[in-house]
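Here's the structure, in structure tokens; my notes come after.
Numbering (the working numbering), first residue to last: 309 to 561.
Here you go:
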């Protein structure tokens, strides 16, 4: 079931789409055929800027988790064979430290409606019973509603299509590599190997998604991944002003 078929959400989707089209018209005299793509980039930047407080909350939660990590490891070593006692001691540790174990999750949930609405605009070919005019716009001759996969299967892919999608996917993958190198979570020997592998691979999953979604959504993903890396890097420097010790060495690895 498409949630955006529900009347309230459909109205929001239509309003957001009309807003993007109005911005496209405003940018057309200066940006020409690239106006719609530029509108997508600008709106994504505005949304990410508005969500900076969410990023700050996540950074604080990450700092608190890193601060408590050694004590949590001690608790697991002491009470690992007694799950009930371990849970009680862990919750008591969080209470004593004034930290919520869900602090990192709540900001993500808070931003989900805004991000979901914007992303939905790029994925719906029809809005409020009519064609999504944004997706009929082009960038370098490639429709914003076309994905690399549909271009390949439909036989419409050409050198420009490959070059454009290749560049955007490379930007996303590059941001993923920077995230893997510089924003790796503090090392914890107790972390299962599967979680370590997933953490290393996850930053590149967006690049894979970008192959299957429309060009408009791919632009959104590229701007979002680059912004997110930059924001997290800046906040990491702010919340970890002293970069030494074993945990810092693992973060640099």
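Note that the Cβ used here is the ideal one computed from N, Cα and C, for glycine as well.
Checklist entry - Applying the criterion that 16 or more other CB atoms from any shown protein chain within 10 Å of the CB defines a buried residue, is residue 453 buried or exposed? => result By one-based count along the chain shown, residue 453 stands at place 145. The residue is buried, with at least 16 neighbouring Cβ atoms inside 10 Å.
Next on the checklist: In chain order, what are the residue ranges of uninterrupted alpha helix (DSSP H) at least 4 long that sit wholly in the stretch 435 to 487?
Outcome noted: Scanning the stretch 435 to 487 for uninterrupted alpha helix (DSSP H) segments of 4 residues or longer gives 456 to 462, listed from N- to C-terminal end.
Checklist entry - For residue 330, does the count of other Cβ atoms within 10 angstroms reach 16, so buried, or fall short, so exposed? => result Translated into the one-based positions of the chain shown, residue 330 becomes position 22. Flag for residue 330 reads exposed.
Checklist entry - Where in the stretch 363 to 414 do unbroken runs of the alpha helix (DSSP H), each at least 4 residues long, occur, reported from the N-terminal end onward? => result Here the runs fully enclosed are 391 to 405.
Next on the checklist: Considering only their Cβ atoms, is the gap separating residue 519 from residue 456 smaller than 7 Å?
Outcome noted: In the chain shown, the residue the question calls residue 456 occupies position 148. In the chain shown, the residue the question calls residue 519 occupies position 211. Yes, they are a contact pair.
Checklist entry - What first and last residue would you give for the alpha helix (DSSP H) that runs through residue 521? => result Mapped onto the chain shown, residue 521 falls at position 213. First-last for residue 521: undefined, no H or E at that position.
Checklist entry - Roughly how many angstroms lie between the CA atoms of residue 446 and residue 383, to the nearest whole one? => result Here residue 446 is taken as the residue at index 138 of the chain shown, counted from 1. Here residue 383 is taken as the residue at index 75 of the chain shown, counted from 1. Answer to the nearest angstrom: the Cα atoms are 57 Å apart.
Checklist entry - Is residue 370 buried or exposed, if buried means 16 or more other CB atoms sit within 10 Å of its CB? => result Taking the chain shown and counting its residues from 1, one reaches residue 370 at position 62. Buried.
Next on the checklist: Looking only at its chain, what residues have a beta carbon closer than 8 Å to the beta carbon of residue 481, apart from the 5 residues adjacent to it on each side?
Outcome noted: Taking the chain shown and counting its residues from 1, one reaches residue 481 at position 173. Closer than 8 Å at Cβ, skipping near neighbours: 512, 515.
Checklist entry - Quick one: any contact between the stretch 422 to 439 and the stretch 319 to 335, if contact means 3 or more CB pairs under 8 Å? => result With a cut-off of 8 Å, the stretch 319 to 335 and the stretch 422 to 439 count as touching, because enough Cβ pairs lie within range.
Item to check | Neighbourhood of residue 313 by C-beta distance below 8 Å, restricted to the same chain and skipping five residues each side | outcome: The residue labelled residue 313 in the question sits at position 5 within the chain shown. Result list for residue 313: empty, nothing under 8 Å.
Item to check | Nearest candidate by alpha-carbon position, reference residue 418, set 392, 364, 397, 442 | outcome: Counting from 1 along the chain shown, the entry for residue 418 is found at position 110. The shortest C-alpha separation from residue 418 is found at 364.
Item to check | Where residue 322 falls: helix, strand or coil (DSSP) | outcome: If you number the chain shown from 1, residue 322 lands on position 14. Reduced to three states, the DSSP call for residue 322 is helix.
Checklist entry - For residue 361, which of helix, strand or coil comes out of DSSP? => result Translated into the one-based positions of the chain shown, residue 361 becomes position 53. In the three-state scheme derived from DSSP, where H, G and I count as helix and E and B as strand, residue 361 is classed as helix.
Checklist entry - Since residue 491 and residue 540 are thought to touch, with beta carbons under 8 Å apart, how far apart are those beta carbons, to the nearest angstrom? => result The sequence position of residue 491 within the chain shown is 183, counting from 1. The sequence position of residue 540 within the chain shown is 232, counting from 1. That belief holds up - the Cβ atoms of residue 491 and residue 540 are roughly 5 Å apart, short of 8 Å.
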